[in-house]
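So the protein lines, in turn, are chains P and H. Position one of the first sequence corresponds to residue 1 (the working numbering), numbered consecutively onward. Position one of the second sequence corresponds to residue 1001 (the working numbering), numbered consecutively onward. Note that beta-carbon positions come from the ideal geometry of N, C-alpha and C, so glycine has one too. On a predicted model such as this, the values are computed, not experimentally measured, just so you know. Below is one structure, written out as structure tokens, with a few remarks after it.
2 protein chains.
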Amino acid sequence: MSNKKKTTLKDIANILEISTAAVSKALQDDSRISSKTKEAVKKVAKDLNYQPNHLASALRKGKSNLVGVIVPRTNSNFFSSVVQNMEEVLNKAGYNIIITQSNESYKKECDSIDTLLFTQVDGIIASMANETTDLDYYEKIKSRGIPLILFDRGENDLNVDYIGIDDYASSHMIVEHLVEQGCKRIAHIGGYQRTRIFNNRIRGYKDAIEKHGLPLDSELLLESSLTQEDGRIKMEQLLALKTRPDAVYIAGDYAALGALQVLKENAIDVPNEIALVGFGNEPFTAMVSPPITSIEQHSAEIGRLAAQTFLEHVSSPDIKQSLNKKILDAELIVRDSSNKKAFLN
Amino acid sequence: MSNKKKTTLKDIANILEISTAAVSKALQDDSRISSKTKEAVKKVAKDLNYQPNHLASALRKGKSNLVGVIVPRTNSNFFSSVVQNMEEVLNKAGYNIIITQSNESYKKECDSIDTLLFTQVDGIIASMANETTDLDYYEKIKSRGIPLILFDRGENDLNVDYIGIDDYASSHMIVEHLVEQGCKRIAHIGGYQRTRIFNNRIRGYKDAIEKHGLPLDSELLLESSLTQEDGRIKMEQLLALKTRPDAVYIAGDYAALGALQVLKENAIDVPNEIALVGFGNEPFTAMVSPPITSIEQHSAEIGRLAAQTFLEHVSSPDIKQSLNKKILDAELIVRDSSNKKAFLN
DNA sequence: TATATTTGTTTAATCGATTAAGCAAAGATA
DNA sequence: TATCTTTGCTTAATCGATTAAACAAATATA
Chain P
1 MSNKKKTTLK DIANILEIST AAVSKALQDD SRISSKTKEA VKKVAKDLNY QPNHLASALR
61 KGKSNLVGVI VPRTNSNFFS SVVQNMEEVL NKAGYNIIIT QSNESYKKEC DSIDTLLFTQ
121 VDGIIASMAN ETTDLDYYEK IKSRGIPLIL FDRGENDLNV DYIGIDDYAS SHMIVEHLVE
181 QGCKRIAHIG GYQRTRIFNN RIRGYKDAIE KHGLPLDSEL LLESSLTQED GRIKMEQLLA
241 LKTRPDAVYI AGDYAALGAL QVLKENAIDV PNEIALVGFG NEPFTAMVSP PITSIEQHSA
301 EIGRLAAQTF LEHVSSPDIK QSLNKKILDA ELIVRDSSNK KAFLN
Chain H
1001 MSNKKKTTLK DIANILEIST AAVSKALQDD SRISSKTKEA VKKVAKDLNY QPNHLASALR
1061 KGKSNLVGVI VPRTNSNFFS SVVQNMEEVL NKAGYNIIIT QSNESYKKEC DSIDTLLFTQ
1121 VDGIIASMAN ETTDLDYYEK IKSRGIPLIL FDRGENDLNV DYIGIDDYAS SHMIVEHLVE
1181 QGCKRIAHIG GYQRTRIFNN RIRGYKDAIE KHGLPLDSEL LLESSLTQED GRIKMEQLLA
1241 LKTRPDAVYI AGDYAALGAL QVLKENAIDV PNEIALVGFG NEPFTAMVSP PITSIEQHSA
1301 EIGRLAAQTF LEHVSSPDIK QSLNKKILDA ELIVRDSSNK KAFLN
């Protein structure tokens, strides 16, 4: 039953006995086409349910109106929210997006880049996988001359636009908050040092600790993949120390969750015995007990800004790929896992 | 610095002073091209970093090798896992996927369908938005003659391939489990009746309740959007009843979470006073306290099967869009929220 | 030797939309 | 009336890859 063959400009042209050029222009409301013809064309187009062939027009125009998005994973609220807001802005500007996930794998990320370039996207907005250290594939995007915008997980060396929060300052906020709570031995389970954002958090942690004259003990600073499981492992390590910390700041919410589970299993009073702070403000931080203090990264804003940055690039193609950083302020959401005062009242 | 203009077949042809046709065939290992020419072509292609223009080849071949995927949202573990496994299977078969999210909105879903058709995808794999009742847009996909496969949220009337779990039987498993726990007044916060899967869960609930000779009280059966917030609201309604239920089965984990929060706020003993069961086995069900009993839907398997079903369609185009249902068995994951026995020991 | 087959390649059409250039007819200007 | 503009459309080239058809040269077959 299905009308297999799609309607093309030619079909419309044949019916009206005019050229395909006229039809094309009529549909684009070209000023050189009479309104009579335009109406006729539009009517027939509607009747035949004409849908332009995107491949043909993209090929001809050298522009696909597609933007590729690479995220480490979609099942995190942060990335999902970034993407959603990005999409909203881009849709309004006539762009559609293609989402791909790297699953934190370097290989998968390279494949994603290939797929997107292959699909002839007009630009790529990406957040890098944890594993990624080799930037060749990103250089490939740059060398193709299409806009590349990074967010959250970026990389200075690439020298491209970047949107993210101030990780260094966020660490300061967290340490300051914990100090206010009376904590004196603050541990940090950080991400990979090689990743820019995690490195900034580590630097922020160290500087803030020193600033407050607290001990900067190397056994209190651990490097982690920040998965839930690794959060468990690293927390167990901290509990095994001769002198346990009285606060733990963890650079990711999932790892913080694993850590919290270990604390509960060990019947440790959170926050009074050990206070806990995560990072990312994933919804579950508010759901577990005790709810976990965390950092809100303004995902919606990051998504919108990334999209706008892309649009700026395409609207003025002369702008070179330049290091144009947009750094947002983060927000500390204090919850019971670090709020000793709430328990004193 | 960037080498703006991409290498085309023509560039290679010019260098080797052969026709583009020869180049094209050489790259495809056509048997009629001498191995000498093939080698030369491949060498030059590599040197010039040739990347075929997908738009051109898709236009010519009438096949984009792209599969569109529509999910209500990506930030649920279920959908994210489905998509990931789907992608794996499709990638191996030379297909790439384009993910779009409907955010449970009918309008957004229609836009997604338009985007995907516009991008000339070779097929669409979708799970319908909660809001969707009008099937016109899905009929549009069918009428275009491209394969459509639904999973999880499907619709009988569309008469297309469907992959999902046995919702009716799942409800039976849940009710049976609660009866075993000694529950006698089991409530159900279900999804929208109009949605096939939720309707099946409701039917399963009713039938199982009757089978065990329990009261099928209308005030114990509520219809919900199954958001976390609505879970709270509906649980409050149940608590306000003259005779409270001693078990609540909720057709979605997010709503179950909201309900659990209300129960905890009201200092109700879960599971002894009221037992709780969710649906979907989202990771947080294991994380909260008490952990929530839930149904595992085998997302990985669903993803793989959906992909395979698509591949079957394209490999034998004569197969009409037919009602080919693949129903998987679900699995009940019993956790503390409904496990009274664990507390007796 | 004459004919058939295989091999290796080129020519040219094609996918569908876009657009520069061309051109005829109508209208405006002098 | 003669010339210039504007209007409204057509022609034809183009984007880049693919492929049917054609063809020459080499090889096989009779």
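Which residues in the same chain have their Cβ closer than 6 angstroms to the Cβ of Thr20/P, if we skip the five residues on either side of it in sequence?
Residue numbering aside, residue 20/P sits at position 20 when the first sequence is read from its first letter. Leu9, Lys10, Ala13, listed in sequence order.
Suppose contacts are defined by Cβ-Cβ distances below 8 angstroms. Is Gly1231/H in contact with Val1082/H by that definition?
The residue you call residue 1231/H lines up with position 231 of the second sequence. The residue you call residue 1082/H lines up with position 82 of the second sequence. No.
Could you name each continuous beta strand (DSSP E) segment of 3 residues or more that falls completely within the stretch 1071–1113 of chain H, going from the start of the chain to the end?
For the stretch 1071–1113 of chain H, whole beta strand (DSSP E) runs of length 3 or above, ordered along the chain, are 1096–1101.
Measuring alpha carbon to alpha carbon, tell me which residue in Ser1064/H, Glu1301/H, Phe1198/H, Gly1123/H is nearest Ser1225/H.
Reading the second sequence from its first residue, position 225 is the one you call residue 1225/H. Looking at the Cα atoms, Phe1198/H is the closest of the given residues.
Under 7 angstroms Cβ-Cβ, which residues of chain H neighbour Asn159/P?
By one-based count along the first sequence, residue 159/P stands at place 159. Residues of chain H passing the Cβ test: none, with the nearest at roughly 12 angstroms.
Excluding sequence positions up to five away, which residues of its chain have a Cβ less than 7 angstroms from the Cβ of Pro1291/H?
Residue numbering aside, residue 1291/H sits at position 291 when the second sequence is read from its first letter. So the list reads Thr1285, Arg1335, Asp1336, Ser1337, once near-sequence residues are dropped.
Less than 8 angstroms between CB atoms is the rule here; does His1188/H satisfy it with respect to chain P?
Counted from its first residue, the second sequence places residue 1188/H at position 188. Answer no: the Cβ-Cβ gap between His1188/H and chain P never drops below 8 angstroms.
Can you pull out the residues from the stretch 1056–1073 of chain H whose beta carbon lies closer than 8 angstroms to at least one beta carbon of chain P?
Listed by position along the chain: Ala1056, Ala1058, Leu1059, Ser1064, Leu1066, Arg1073.
Using only CA atoms, which one of Gln1120/H, Cys1183/H, Arg1153/H lies nearest to Lys6/P?
Here residue 6/P refers to the residue found at position 6 of the first sequence. Of the listed residues, the one whose Cα sits closest to Lys6/P is Gln1120/H.
Any contact between the stretch 1270–1281 of chain H and the stretch 1121–1141 of chain H? By contact I mean 3 or more CB pairs, one from each, below 8 angstroms.
Short answer: they don't touch.
Rounding to the nearest angstrom, what Cα-Cα distance links Lys38/P and Asp29/P in this structure?
In the first sequence, the residue the question calls residue 38/P occupies position 38. In the first sequence, the residue the question calls residue 29/P occupies position 29. Computed Cα separation, rounded: 7 angstroms.
Would you say Gln28/P reaches chain H, if we count a Cβ-Cβ gap shorter than 8 angstroms as a contact?
The residue you call residue 28/P lines up with position 28 of the first sequence. No - not a single Cβ of chain H is within 8 angstroms of the one on Gln28/P.
Taking the alpha helix (DSSP H) that Phe1279/H belongs to, which residues open and close that run?
Here residue 1279/H refers to the residue found at position 279 when the second sequence is read from its first residue. No alpha helix (DSSP H) contains Phe1279/H, which DSSP labels as neither H nor E.
To be precise: take each residue of the stretch 1270–1289 of chain H, compare its Cβ to all Cβ atoms of chain P, and keep it if any distance is under 7 angstroms. Which residues remain?
Per Cβ criterion, the list reads Phe1284, Met1287, Val1288, Ser1289.
Thinking just about the alpha-carbon of each residue, which of Lys1107/H, Leu1090/H, Gln1084/H, Asp1047/H is nearest to the one in Val1314/H?
Along the second sequence, one-based indexing puts residue 1314/H at 314. Ranking the options by Cα distance to Val1314/H, first place goes to Leu1090/H.
So, does the stretch 208–228 of chain P touch the stretch 173–188 of chain P, judging by three or more C-beta pairs under 8 angstroms?
Segments in contact, yes.
Going by DSSP, name the residue or residues bridged to Ala126/P.
As a working note, residue 126/P is residue 126 in the first sequence. Ala126/P is bridged to Ile70/P, Leu150/P.
May I ask you to list the residues that DSSP assigns as paired with Asn1247/H?
On the second sequence, position 247 is the one that residue 1247/H refers to. Reading the sequence as shown, one finds Ala at residue 1247/H and not Asn. Answer by DSSP bridge pairing, in chain order: Ile1186/H, Ala1275/H.
Which residues, taken in chain order from the stretch 198–225 of chain P, show a beta carbon closer than 8 angstroms to some beta carbon of chain H?
Cβ contacts with chain H: none found.
Under three-state DSSP, which class holds Asp206/P?
As a first step, residue 206/P must be located in the first sequence, where it is residue number 206. According to the sequence as given, residue 206/P is Lys; it is not Asp. Lys206/P: helix per DSSP, three-state reduction.
Could you give the DSSP three-state label for Tyr162/P: helix, strand or coil?
Working through the first sequence from its first residue, we reach residue 162/P at position 162. Residue state, collapsed to three classes: strand.
Using beta-carbon positions only, say whether Ala306/P and Ile163/P come within less than 8 angstroms of one another.
Sequence index remark: in the first sequence, residue 306/P carries index 306 (1-based). Sequence index remark: in the first sequence, residue 163/P carries index 163 (1-based). Cβ distance < 8 angstroms, so Ala306/P and Ile163/P count as in contact.
Between Arg1185/H and Leu1332/H, what straight-line distance do the alpha-carbon atoms span, to the nearest angstrom?
Counted from its first residue, the second sequence places residue 1185/H at position 185. Counted from its first residue, the second sequence places residue 1332/H at position 332. Distance between the alpha carbons of Arg1185/H and Leu1332/H: 20 angstroms.
Flag Leu150/P as yes if its beta-carbon sits less than 8 angstroms from any beta-carbon of chain H, otherwise no.
Within the first sequence, the letter at position 150 stands for residue 150/P. Taking Cβ atoms only, chain H never reaches closer than 8 angstroms to Leu150/P, which makes this a no.
Going along chain H in order, which residues have a C-beta closer than 8 angstroms to the C-beta of Ser76/P?
Here residue 76/P refers to the residue found at position 76 of the first sequence. Within 8 angstroms Cβ-Cβ: Asn1075.
Which bits of chain H does Gln51/P rub up against, with CB to CB less than 9 angstroms?
Translated into positions along the first sequence, residue 51/P becomes position 51. Going along chain H in sequence order, the residues near Gln51/P (Cβ under 9 angstroms) are Asp1114, Leu1117, Phe1118, Arg1144.
Which same chain residues end up closer than 6 angstroms to Phe1079/H when comparing Cβ atoms and leaving out the 5 residues on each side of it in sequence?
Position 79 of the second sequence, counting from 1, holds the residue named residue 1079/H. Cβ within range, chain order: Val1071.
Going by DSSP, what residue range makes up the alpha helix (DSSP H) through Ile174/P?
In the first sequence, residue 174/P corresponds to position 174, counting from 1. From DSSP, the alpha helix (DSSP H) with Ile174/P extends over 167–180.
Roughly how many whole angstroms lie between the Cα atoms of Asn1096/H and Gln101/P?
Locating residue 1096/H in the second sequence gives position 96, where the first residue counts as 1. Locating residue 101/P in the first sequence gives position 101, where the first residue counts as 1. C-alpha separation (whole angstroms): 12 angstroms.
In the DSSP assignment, find the unbroken beta strand (DSSP E) run with Leu374/P in it and report its ends.
Look at the range of chain P in this structure, 1 to 345, and you will see that residue 374/P is not part of it.
DSSP three-state label for Lys42/P, please.
The count along the first sequence starts at 1 and reaches residue 42/P at position 42. The answer is helix: DSSP assigns Lys42/P an H, G or I state.
How about Ala181/P: is its C-beta nearer than 8 angstroms to some C-beta of chain H?
Along the first sequence, read from residue 1 onward, the residue named residue 181/P stands at position 181. Per the sequence presented here, residue 181/P reads as Gln, with Ala not at that position. So no, Gln181/P is outside the interface.
With a threshold of 8 angstroms between beta-carbons, can Asn339/P be considered close to chain H, or not?
To locate residue 339/P, count along the first sequence from 1; it is residue 339. No, its Cβ sits nowhere closer than 8 angstroms to a Cβ of chain H.
Taking Cβ to Cβ, would you say Thr74/P is nearer than 8 angstroms to Ile99/P?
In the first sequence, counting from the first residue as 1, residue 74/P sits at position 74. In the first sequence, counting from the first residue as 1, residue 99/P sits at position 99. Cβ atoms of Thr74/P and Ile99/P: closer than 8 angstroms.
For the pair the stretch 1105–1112 of chain H and the stretch 42–54 of chain P, tell me if three or more CB-CB distances fall below 8 angstroms.
No contact exists between the stretch 1105–1112 of chain H and the stretch 42–54 of chain P.
In the stretch 1088–1103 of chain H, which residues sit with their C-beta less than 9 angstroms from some C-beta in chain P, listed in chain order?
Here the close residues are Asn1091, Asn1096, Ile1097, Ile1098, Ile1099, Thr1100, Gln1101, Asn1103.
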